[in-house]
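Below you'll find the structure, written out as structure tokens, and then a few comments.
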Amino acid sequence: MKKAVLVLFLAVMTMSWLTPAMAAVQGKSYKVTATAYNSVRAQTNSNPTIAAWGDRLKPGMKAIAVSRDLLGQGFKRGTVVKISGLPGEYVVLDKMNKRWRNKIDIYMGQDVKAARNWGRRNVTITVVRS
Numbered sequence: 001m002k003k004a005v006l007v008l009f010l011a012v013m014t015m016s017w018l019t020p021a022m023a024a025v026q027g028k029s030y031k032v033t034a035t036a037y038n039s040v041r042a043q044t045n046s047n048p049t050i051a052a053w054g055d056r057l058k059p060g061m062k063a064i065a066v067s068r069d070l071l072g073q074g075f076k077r078g079t080v081v082k083i084s085g086l087p088g089e090y091v092v093l094d095k096m097n098k099r100w101r102n103k104i105d106i107y108m109g110q111d112v113k114a115a116r117n118w119g120r121r122n123v124t125i126t127v128v129r130s
């Protein structure tokens with residue numbers, strides 16, 4: 001009996017590891033801290049136009065990076081969101097350093113002044129599709 005319970009427990013645990021990650025729920029809103037970033041080496045790495053999943057960022061794109069805890073809540077590459085206070089829809093194309101929590105970084109091309117003017121704000125993001 002103990003052996004059967006152990007086998008069942010291990011089977012359930014193995015299946016939970018194999019199931020795909022949940023998707024962010026369409027229409028659900030999240031309150032996050034939002035900052036902005038640019039395609040400049042001082043803010044990124046030696047190749048500032050390549051995002052974490054390999055996407056090429058170009059000025060004018062409406063893209064965001066998300067903190068890793070948001071990835072755990074179902075956000076993934078390609079998730080589309082609306083950001084309160086900004087027009088249009090933004091696509092998750094980048095992820096942030098592990099130290100950040102409950103945060104997004106809005107891509108602002110090479111416009112460092114616009115990113116500085118944005119500063120740090122508390123916003124609501126709403127999932128359009130994931």
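1 is the number of the first residue of the sequence shown in my numbering; add one for each residue after it. For glycine and all other residues, C-beta sits at the position ideal for the given N, C-alpha and C.
Whole-angstrom distance between residue j and residue i, CA atom to CA atom
{"i": "Q26", "j": "A34", "result": "20 Å"}
{"i": "K58", "j": "T49", "result": "7 Å"}
{"i": "K76", "j": "S130", "result": "7 Å"}
{"i": "N38", "j": "N47", "result": "12 Å"}
{"i": "R99", "j": "A114", "result": "24 Å"}
{"i": "G78", "j": "R120", "result": "24 Å"}
{"i": "V92", "j": "R56", "result": "13 Å"}
{"i": "G88", "j": "Y107", "result": "14 Å"}
{"i": "R41", "j": "K103", "result": "21 Å"}
{"i": "A23", "j": "V127", "result": "10 Å"}
{"i": "Q43", "j": "K28", "result": "30 Å"}
{"i": "L86", "j": "K62", "result": "10 Å"}
Supposed contact pair residue j and residue i - C-beta distance, whole angstroms, cut 8 Å
{"i": "G109", "j": "G60", "result": "6 Å"}
{"i": "I64", "j": "V123", "result": "At roughly 11 Å, the Cβ-Cβ gap does not stay under 8 Å, so I64 and V123 are not in contact."}
{"i": "I125", "j": "V81", "result": "5 Å"}
Counterpart residues of residue i in DSSP-defined beta bridges
{"i": "N122", "result": "T33"}
{"i": "R99", "result": "Looking at the DSSP assignment, R99 forms no beta bridge with any residue, so it has no partner."}
{"i": "A94", "result": "For clarity, residue 94 is Asp in the given sequence; the question names Ala instead. Answer by DSSP bridge pairing, in chain order: A65."}
{"i": "D111", "result": "According to DSSP, D111 bridges with nothing at all."}
{"i": "D55", "result": "The partner list for D55 (beta bridge, DSSP) is empty, contrary to what the question assumes."}
{"i": "R129", "result": "V80"}
Chain-order list of residues whose beta-carbon lies under 7 Å from that of residue i (same chain, five-residue window excluded)
{"i": "K95", "result": "A52, A65, V66, R68 and L71"}
Cβ neighbours of residue i in the same chain (closer than 6 Å, five flanking residues each side left out)
{"i": "Y30", "result": "I125"}
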